[in-house]
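Visitor: Take a look at this one; I'll ask things after.
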Amino acid sequence: MATSISSRKRDLFYMVFFCLGIPSMFMVDLQALYPASIVPTFMVDLKAFYINRYQDQFFIQTPPFFEFFMWTEIFIQAPVMIWGVGALFKGSPKIPLVLLPYAVLIFVTTGACMYEICYWEVPLVQKFSLSTLYGPYLAISAFMTVDMFLRINNIINTASAISTVVKKRQ
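The opening residue of the sequence shown carries number 1 in full-length UniProt numbering; numbering runs sequentially from there.
This is how it looks when you write it as structure tokens:
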């Protein structure tokens, strides 16, 4: 039986991160992909508040690469995050296998967005403000990438050591 989620601090952190990220993903990030007729007023207002507060150019005039990133959110990130909440809670052995490519995807897409923001012709204070939103995603995904890589590496090393012992006994 897996140990309690409360004793697996990194997994608990990832689970909370997913629980907070899933609603914002569906209410703000992916809104541009929905038919306008089905978007509730509160979501339109939430996105308008976000745009007004941060002047995020990705949501004002969406470039094609960012639209592609939104599709990765709906077809890759959202399913992984939804699966991840339960898997992290239960301590699934598949966590590193699934979360490593997820984390790499988040790191690359967020890094690309932050790089693009550097070239926007907007005040530096606005770039900094956006960095406070995008930066944590970059940092968390980098940490998760290393964490999941190390977990997989430990599994491989353990399996290799066991295989070596078994071969020596034969």
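Glycine included, C-beta positions come from ideal geometry on N, C-alpha and C. The structure displayed is predicted, hence computed values, not measured ones.
Using a Cβ-Cβ cut-off of 7 Å (strictly less than) and excluding sequence neighbours within five positions of L33, which residues of its own chain qualify?
Guide: M70, I74
Visitor: Under a three-way DSSP split, which group does T41 fall into?
Guide: helix
Visitor: Exposed or buried, which one is L99 when buried takes at least 16 other CB atoms within 10 Å?
Guide: buried
Visitor: Over what stretch of residues does the alpha helix (DSSP H) that includes R169 continue unbroken?
Guide: 124-169
Visitor: With C-beta atoms as the reference, is T110 less than 8 Å away from S129?
Guide: no
Visitor: Could you pull out every residue in the same chain whose Cβ sits closer than 6 Å to the Cβ of G91, ignoring the five residues on either side in sequence?
Guide: A2
Visitor: Is A36 near the ligand NAD, judged by its Cβ being under 7 Å from some heavy atom?
Guide: As for the ligand NAD, it is missing from this structure, which has no ligand bound.
Visitor: Using only alpha-carbon positions, find the residue among I106, C113, V80 that is nearest to K94.
Guide: V80
Visitor: Quick check on DSSP: helix, strand or coil for E67?
Guide: In this structure, E67 counts as helix in the three-state DSSP scheme.
Visitor: What's the call for L88, buried or exposed, on a 16-neighbour Cβ count within 10 Å?
Guide: buried
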